[in-house]
Amino acid sequence: MSLADRIMKIDRRIIYALIFIVIFLFSLKPMGIPVVTQPWVIDTYKLVESLQPGDKVLICWSLYPVSNEQIAGAVVILQHLCMRGIKTVHFQTQTAVDLVDDVMLNKVHPESYGQVYGKDWLWLGYISGLEAGQAAIAQNLKGTVTVDKYGNQLSQYSLWNELTNDARQFKFVLSPSAETPGTAGVLRQFQIPYGLKIVESGSAFSLGSVMPFYASKQYWGMVAGFPDCAAYEKLIGKPGIGSRSTDPLSAMGLLVFGLLLVSNIAYIISKLGGKGGSVK
Amino acid sequence: MFSLKAGVTSTFIILIVFVIGMYIYMKISKKGMYFRRIPGLDALEECVGRAVEMGRPVQYSPGQKGVTDTNAPPTLAAITMLSYVAQICARKGANIGVSIMDAQVMPLVDQSLKEAYLAEGIDQYPKDGIQWLAPTQFSFAAAMLARLRREKPAAIFYIGHCEAETLMIAETGIEIGAMQVMGTEAVAQLPFMTAAADYTIYGDEIYAADAYLSRNVKTMGSLRTIDLGKLFAMLVIIIGSILSTFGISILTQILKW
Amino acid sequence: MKMSFLRREGPLIFTSVVAFFLIIEYYIANSQLTLIATFLNRSAMIVGAFLLGFGIINMTLIHTKNIIQRKPKWPFSLYLLILLFVTLVAGLIPPLGSNYYYLWLFNNIYTPLDPAIFSLIAFFIISTAFRALKIRNLEVSLMLLFTVVVILRNAPIGPATFPPIGWLGDWVIISINTGVQRALNLVVALGAIAYGVRILLGVERGYLKGAG
Chain A
5 MSLADRIMKI DRRIIYALIF IVIFLFSLKP MGIPVVTQPW VIDTYKLVES
55 LQPGDKVLIC WSLYPVSNEQ IAGAVVILQH LCMRGIKTVH FQTQTAVDLV
105 DDVMLNKVHP ESYGQVYGKD WLWLGYISGL EAGQAAIAQN LKGTVTVDKY
155 GNQLSQYSLW NELTNDARQF KFVLSPSAET PGTAGVLRQF QIPYGLKIVE
205 SGSAFSLGSV MPFYASKQYW GMVAGFPDCA AYEKLIGKPG IGSRSTDPLS
255 AMGLLVFGLL LVSNIAYIIS KLGGKGGSVK
Chain U
6 MFSLKAGVTS TFIILIVFVI GMYIYMKISK KGMYFRRIPG LDALEECVGR
56 AVEMGRPVQY SPGQKGVTDT NAPPTLAAIT MLSYVAQICA RKGANIGVSI
106 MDAQVMPLVD QSLKEAYLAE GIDQYPKDGI QWLAPTQFSF AAAMLARLRR
156 EKPAAIFYIG HCEAETLMIA ETGIEIGAMQ VMGTEAVAQL PFMTAAADYT
206 IYGDEIYAAD AYLSRNVKTM GSLRTIDLGK LFAMLVIIIG SILSTFGISI
256 LTQILKW
Chain Y
-3 MKMSFLRREG PLIFTSVVAF FLIIEYYIAN SQLTLIATFL NRSAMIVGAF
47 LLGFGIINMT LIHTKNIIQR KPKWPFSLYL LILLFVTLVA GLIPPLGSNY
97 YYLWLFNNIY TPLDPAIFSL IAFFIISTAF RALKIRNLEV SLMLLFTVVV
147 ILRNAPIGPA TFPPIGWLGD WVIISINTGV QRALNLVVAL GAIAYGVRIL
197 LGVERGYLKG AG
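These protein sequence lines are chains A, U and Y, in that order. Count the first sequence with this note's numbering and you get residues 5 to 284, in order. Count the second sequence with this note's numbering and you get residues 6 to 262, in order. Count the third sequence with this note's numbering and you get residues -3 to 208, in order.
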C-alpha cells in the first residue's frame, strides 16, 4: 500500500487522538488571539446599551445544557443586562431542570450587580407545549403561570406585579436556543405578531440558520459561538468563557484545514498514479 | 364577531388560493404526469435487497419528534415511508427494526408495520423490533449507536426531523458497512447527510414520498401546486427586490396586510 | 354506520375537523375560538405525555424478555431496567421532580453525560470531512472550498492573521448561505403546507395504514 493510500485509509482513532491532543494543549496556555467583532454582535451590544434601568427583557430558553458554547452567549448578554440594571423574566420550553439556576446563579451572579430575585429577575420555570407554550406566554403571560420554578406564588414578587399581559412590555426577547421550537417559534410567536426585537444566542452552528432572519432584520442581533461571545466580552470588558475558548477553536480550525489538505493531496497523488501513489 | 386578526389577511388569501389550486390540480391531473427522479426514494428497494443478500437486518428511524408539535409533517411523512420500507421487507423477508425517540409515534409505527405485513399476506409482524430508545436527543443518539453496533444492520433509514445526532448515526453506519438513506426537512442537517449518507432525500422530497412511490394521480397533482407556489414565490421575490431597489414598498405593504 | 367505515375513515374525519378548526382559529379573532383551540392544544399535550408511558412499557417488555431469555449482553438490559426504575421512583418522591435524590441523579449523572455524547460530534465531523471531502467532482470540490473558507473564518486565528479569509467567510455566510437557507426554508414550508392540506382533505393516508 502506497503512502498516499495509507494516509487516505488512516485509522480514525489517530485523527481522534490528534483532536484531543490539540484541544488539550491549547486549553492549557491561552495565547489571546484577537477576535473580529461581527456586526450582529455590535447590534446586540447597542441594543442593550440603549435600554434604561428598569426596562424588562424576556428570556426564552429552548435548549438543554449540552455545552458551554450554547449558553456562553446568553451568559455574557445576561451579564451586560445585569450591569445595566435591566430586569429579566425567564422561562424555558425544554424540561432541563435547573438550567436557569445554573446559568444565573453559577455563571452570571446577578447578586454581584445588586440584582435580587423577585425584584429584578424571575424564573417562571418550564412551560409545556413547546411553541404552544411560547404562544401562551406571548398572549397571556399572567394567565399562563401563577407560580415560579420554586413553587412560590408569583403575586408576592414586585417584578411580577409590574408585568402586564401585553407582550410589548418587553424591550426585546433573548432566545438562547438549539432545540425546537427555537428560532422559528420565537419568530412566529413574538416577532411577527407583536414586532418585538429578537436576539438569538447559541452555538456557532446556528449562525447559518439564523442569518437569513438577521439579514432581513427579523432578528435584531446574535451572539453565536465562542468567537462572538469573546467579542462581546471584550465590548463589556468582562473576559470569560468565550475568551478562554478561542485558542482551542483556532487550533482546531488549523488542524481541520491541515487534515483536509493532506487527505486531498494524498487523493490527488493516488489518482494521478504518481511517484509513491497507485492508480485508482 | 368574526374578523381576521391583524397582519394575516394576505397570508389567508394566499392559503385559500393555494388550497383551491391544489384541489383543482388533484381533480384534473392525469396518469403519466412527469416526475423527476428522486434517487433516495428509488434506493429503498435496493437497500432492503442488499440487507437480504447480506443476511443482516434493516434499521429505520422516523426522526426525533412526535406528532403534536410543528415537526409533525416530517414525522408523518417518515411513517408513510416506513410503511413502504416495511412492505418491501415483508416481501423480501428482511428483518426490520424501528428506533423511536418520541413515544407518540409508537402506535402509528406499530399500525404501519402491521398493515404493511398484512398487505403482503403475513400475519406476524416484527413487533419486538419496535423499540423506544430514549426521550431526549443525546440519550437517543447513544442508544441508537449502541443498537447499530449490536445489530449491525446492512441498511439504515433515518428520515424525519433530524438534529445533531444525524452525523453520529451516519458515521457509525459507515463504520459497520451499512447503506444509508437519510432525509430531513431540517435544513441545517442536509450538509451532513449529503457528506455521510449514500442517498439523501432533501427537504420537501420527503413529503413527496407517498406520491412518488404510489404514483397516485391525486397526490402527484398536489405536488404540481407546490411547484406553482414556488414559481409564485420566485416572482414575488424578484418583483419585490426590483421595487424595493427603487424605494417602492407596495409589495411589502401588501404582504404585511 | 358500519364499524369498518368508522375504523377507516373516523380518524381521518376527526383529524380534518380539528385541523380545519385550528387553522381557522389562527386567522380569525374570536375569544371563544381561542378558548376552544387552547383546550385542543392542551389536550394534545396531555395525550402526548400519556404516550410516554407506552415507551416505558415497551422498553420494560423488550429488556425483560432479553433477561429472561438470556440473550447476548442481557446484563446491560438488567442494568438499564434498574436505572429506569430507580430514576422513576426517585422522581415520584415528593416534591415531584425536585426532591434531593432526583436532582442528584439529574445534575450529577444525566447533565454531564449529555454534553459528553454531544462532544463526540466534533470527532465525527472531522473524520467525515477527512473521508468525504475530496476533489472528486465539481460539487464536492465546491463543498470542500466553502468548508475550508468557513472553518478558517470561524477560527479566530483566520481573520486575525489573514483578513481576506474573514471577509470571504462573511460573504459566504451572509450572501450564499442566506440565499440557499431562504430557498430551502421556503420550499420546505410549501411542502409542509401542501402535506398538511393533503392530510386535511384525507388524500394523504400513508401514516394511518400500510403502503399504497
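No residue lacks a Cβ here, since even glycine has one placed at the ideal position from N, Cα and C. Predicted model, so just to flag it, every value in this text is computed and none were measured.
I'd like the list of long-range same chain contacts for residue i, defined as Cβ closer than 7 angstroms, with 5 residues on each side in sequence excluded.
{"i": "Leu85(A)", "result": "Val52, Val61 and Thr92"}
{"i": "Glu168(U)", "result": "Gln69, Gln142, Ala191 and Gln194"}
{"i": "Gly2(A)", "result": "Because chain A in this structure spans residues 5 to 284, residue 2(A) falls outside the shown range and cannot be described."}
{"i": "Tyr89(U)", "result": "Leu49 and Leu218"}
{"i": "Leu186(Y)", "result": "none"}
{"i": "Phe23(U)", "result": "Thr230 and Gly234"}
{"i": "Lys130(Y)", "result": "Val136"}
Tell me which residue opens and which closes the beta strand (DSSP E) that residue i is part of.
{"i": "Ser205(A)", "result": "Lys201 to Gly206"}
{"i": "Tyr203(Y)", "result": "No beta strand (DSSP E) contains Tyr203(Y), which DSSP labels as neither H nor E."}
{"i": "Tyr204(U)", "result": "Tyr204 to Tyr207"}
{"i": "Leu158(A)", "result": "Neither: Leu158(A) is in no beta strand (DSSP E) and is coded neither H nor E."}
{"i": "Met226(A)", "result": "Gly225 to Ala228"}
{"i": "Gln64(U)", "result": "Val63 to Gly68"}
{"i": "Ile135(U)", "result": "Ile135 to Trp137"}
Residues in its own chain within less than 6 angstroms of residue i by CB, not counting five upstream and five downstream?
{"i": "Leu61(Y)", "result": "Checking the displayed sequence, the identity of residue 61(Y) turns out to be Lys instead of Leu. Nothing listed; no residue qualifies."}
{"i": "Ala208(A)", "result": "Ala228 and Gly229"}
{"i": "Ile245(A)", "result": "Asn72 and Ala76"}
{"i": "Arg229(U)", "result": "Tyr30"}
I want to verify the contact list: residues of chain C whose CB lies under 8 angstroms from the CB of residue i, in sequence order.
{"i": "Asp133(U)", "result": "Of the protein chains in this structure, namely A, U and Y, none is chain C."}
Within 8 angstroms (strictly less), CB to CB, does residue i reach chain U?
{"i": "Arg194(Y)", "result": "yes"}
{"i": "Asn133(Y)", "result": "no"}
{"i": "Leu134(A)", "result": "yes"}
{"i": "Asn150(Y)", "result": "no"}
{"i": "Thr124(Y)", "result": "yes"}
{"i": "Glu200(Y)", "result": "yes"}
{"i": "Gly280(A)", "result": "Only weak support exists for where Gly280(A) lies, its pLDDT of 45 falling under 50; the value from the coordinates is given anyway. False, the Cβ-Cβ gap to chain U never drops below 8 angstroms."}
{"i": "Ser249(A)", "result": "no"}
{"i": "Gly229(A)", "result": "no"}
{"i": "Ser179(A)", "result": "no"}
{"i": "Gly187(Y)", "result": "yes"}
{"i": "Gln177(Y)", "result": "yes"}
Quick check: is the beta carbon of residue i nearer than 8 angstroms to any beta carbon in chain A?
{"i": "Ala148(U)", "result": "no"}
{"i": "Asp74(U)", "result": "yes"}
{"i": "Gln28(Y)", "result": "no"}
{"i": "Asp63(U)", "result": "Checking the sequence, you will find Val at residue 63(U) rather than Asp. Cβ-Cβ to chain A under 8 angstroms: no for Val63(U)."}
{"i": "Ala323(U)", "result": "Residue 323(U) is absent from the model: chain U starts at 6 and stops at 262."}
Please report the residue range of the alpha helix (DSSP H) in which residue i lies.
{"i": "Leu18(Y)", "result": "Met(-1) to Tyr23"}
{"i": "Ile319(A)", "result": "Coverage of chain A is limited to positions 5 through 284, which leaves residue 319(A) absent and any answer about it impossible."}
{"i": "Lys275(A)", "result": "Ile245 to Leu276"}
{"i": "Ser39(Y)", "result": "Ser27 to Ile64"}
{"i": "Pro180(A)", "result": "Where Pro180(A) is concerned, there is no enclosing alpha helix (DSSP H), although the beta strand (DSSP E) it sits in stretches over Phe174 to Pro180."}
{"i": "Ile161(Y)", "result": "Pro159 to Trp167"}
{"i": "Ile29(U)", "result": "Thr14 to Ile33"}
{"i": "Leu167(A)", "result": "Looking at the DSSP string, Leu167(A) is not in any alpha helix (DSSP H), and its letter there is neither H nor E."}
Identify, in the order they occur along the chain, each residue of the same chain with its Cβ nearer than 8 angstroms to the Cβ of residue i, setting aside the five sequence neighbours on each side.
{"i": "Ser254(A)", "result": "Phe30 and Ile37"}
{"i": "Gly280(A)", "result": "Any reading at Gly280(A) must be qualified, since the residue scores a pLDDT of 45, below 50, and its modelled position is unreliable; no value is offered."}
{"i": "Thr101(Y)", "result": "Here residue 101(Y) is Leu; the residue named in the question, Thr, does not match the sequence. Correct list, in chain order: Val82, Thr83 and Ala86."}
{"i": "Phe16(Y)", "result": "Leu196"}
Checking contacts by CB at 8 angstroms: is residue i closer than that to chain Y?
{"i": "Tyr271(A)", "result": "yes"}
{"i": "Ile17(U)", "result": "Looking at the sequence shown, residue 17(U) is not Ile but Phe. Chain Y, which has a Cβ nearer than 8 angstroms to the Cβ of Phe17(U), makes this yes."}
{"i": "Leu67(A)", "result": "no"}
{"i": "Asp209(U)", "result": "yes"}
{"i": "Val107(A)", "result": "no"}
{"i": "Asn110(A)", "result": "no"}
{"i": "Lys284(A)", "result": "At Lys284(A) the pLDDT is 36, less than 50, meaning the model places this residue with poor confidence; the figure from the coordinates comes in the next sentence. So no, Lys284(A) is outside the interface."}
{"i": "Tyr16(A)", "result": "For the record, residue 16(A) in the displayed sequence is Arg; it is not Tyr. Answer yes: the Cβ-Cβ gap between Arg16(A) and chain Y drops below 8 angstroms somewhere."}
Inside the region 89 to 124 of chain U only - alpha helix (DSSP H) runs reaching at least 4 residues: 111 to 124
Stretch-stretch touch, CB-based, cutoff 8 angstroms, three pairs: the region 174 to 186 of chain U with the region 156 to 169 of chain Y: no
Alpha helix (DSSP H) segments (min. 4 residues) lying fully within the region 56 to 138 of chain A: 72 to 88 and 103 to 107
Contained beta strand (DSSP E) runs [length at least 3] in the region 154 to 226 of chain U, N- to C-terminal order: The DSSP assignment places 160 to 166, 184 to 189 and 204 to 207 as complete runs of the beta strand (DSSP E) inside the region 154 to 226 of chain U, in order along the chain (cut-off: 3 residues).
Three-pair Cβ contact test at 8 angstroms for the region 79 to 89 of chain U versus the region 205 to 214 of chain U: yes
At least 3 beta-carbon pairs within less than 8 angstroms: the region 17 to 35 of chain Y vs the region 87 to 97 of chain U: no
Whole alpha helix (DSSP H) elements within the region 91 to 128 of chain Y, 4-residue minimum: 96 to 101 and 107 to 128
Inter-stretch contact at 8 angstroms, needing at least 3 Cβ pairs: the region 72 to 82 of chain A / the region 231 to 239 of chain A: yes
Segment contact, 8 angstroms Cβ cut-off, at least three pairs: the region 120 to 138 of chain A with the region 187 to 204 of chain A: Taking one beta carbon from each stretch, the region 120 to 138 of chain A and the region 187 to 204 of chain A have 3 or more pairs nearer than 8 angstroms; the two touch.
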